[in-house]
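Everything below concerns the one structure shown next.
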Amino acid sequence: MLLDDPPRRSPSPAESGPPAELSPAGRAGAGGRRWLRPVTLVLVLLGGVIALGARRGTITTDDRARLAATLRVQVGERSVALAGAEDRVRQLRSVVAAAREQHRQADRDHAGAVAQIAALGPEAGSVAVTGSGVRIKVTDRLAGGSGSADPRVSASGTPRPHQSAPTTVPDAAGPGRIQDHDLADLVNVLWISGAEAIAINGVRLTALSAIRAAGDLILISFIPVLAPYDVEAIGDPRRLVRRVEQSAVVDRLRHRPGSPVTSLTASAAETLTLPAAPPPVLRHARRSGS
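Taking our numbering, the leading residue of the sequence shown gets 5, the next gets one more, and so forth.
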């Protein structure tokens, strides 16, 4: 068997003596090895950082390229939408300008129509008028009041008593009561003589007015009037009075045998005020284009 080597004995301090000094070359080699390790470590770390930065730079460049492509697509889409919106704005501006012009034209037409209505109002009877003219008062022998437009009201304003209908109806043209055609003939004389506005018992006459009979009543545009009848006309007073006095209608009413007229007077009036006629009810006329 092999014997173990005897243990090595550590030299005593006397034997070991002082440490030998290194030469300058040895000291430089040892110092170089000490600086080599940190520099190597720094270089390794720097290389890793550069590699990582390069990788991240590559990834960032790709992302930027994709983002730029996406943004270019969105810019194109927004540009197309903006162009369409601008076209729509131009169209709407044209429509608004046309509507404003139509509104201004409608305002001008309305102003012209108002001016025409104001000018034609006196002749059409749509406005009240004032002026000089003639007043004619016609009374028949059966007159029972002041000529109120309401047949239920007497001259004093009290209700009339109820009257039972007669068993026999007299001839409408018989003597004793002024007929509707008598007033119509008198009104025609005034129109022919130059009257500009006429009213009977405060009811204004127009081109659409009708004088009709309904039983014992006379209707002026469906408004009943009672004797005595006050016929007022605006125009040249002297001309109207002269033409009325010379008319065959007045001569017939005054001198006809059995005439119902007991009094017919025509006198000039300095100031007459005739009311406006009720607005007409159009049953067949429609706005053009409706």
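For each residue, glycine too, the CB sits at the ideal point set by N, CA and C.
The beta strand (DSSP E) with residue i in it runs from where to where?
i	result
V138	V133 to D144
D220	Note, D220: premise wrong, no beta strand (DSSP E); not H, not E.
V235	Y233 to I238
A203	A201 to I204
Between the options, which has its C-alpha nearest residue i's C-alpha?
i	options	result
R181	R208, G206 and A217	A217
K141	R291, V235, L45 and V253	V235
F226	V207, D255 and L194	V207
S197	Q250, G219 and I215	Q250
T269	S263, V248, R287 and P282	V248
H185	L257, A87 and A289	L257
For the ligand FMN, is there a heavy atom less than 7 angstroms away from the beta-carbon of residue i?
i	result
E249	Looking at this structure, you won't find the ligand FMN or any other ligand, since it has none at all.
Taking a contact to mean a Cβ-Cβ separation below 8 angstroms, would you say residue i touches residue j in this structure?
i	j	result
A273	V138	yes
L278	I238	yes
I222	L190	no
T275	T134	yes
With residue i as the anchor, note down where its alpha helix (DSSP H) starts and where it stops.
i	result
R247	P241 to Q250
A188	D184 to I196
Rounded to whole angstroms, how far is the Cβ of residue i from the Cβ of residue j, which I believe are closer than 8 angstroms?
i	j	result
A280	S130	6 angstroms
I202	L194	6 angstroms
If you count every other CB in all the chains shown that lies within 10 Å of the CB of residue i, and 16 or more means buried, which is it?
i	result
S168	Low confidence applies here, because S168 scores a pLDDT of 36, under 50, leaving its location unreliable; read the following figure in that light. Exposed, since its Cβ has fewer than 16 Cβ neighbours within 10 Å.
R243	exposed
I204	buried
I215	buried
A199	buried
P241	buried
P264	buried
V173	Residue placement at V173 is poorly supported in this model, since its pLDDT is 38, which falls under 50; the coordinates still yield a value, given next. Under this definition V173 is an exposed residue.
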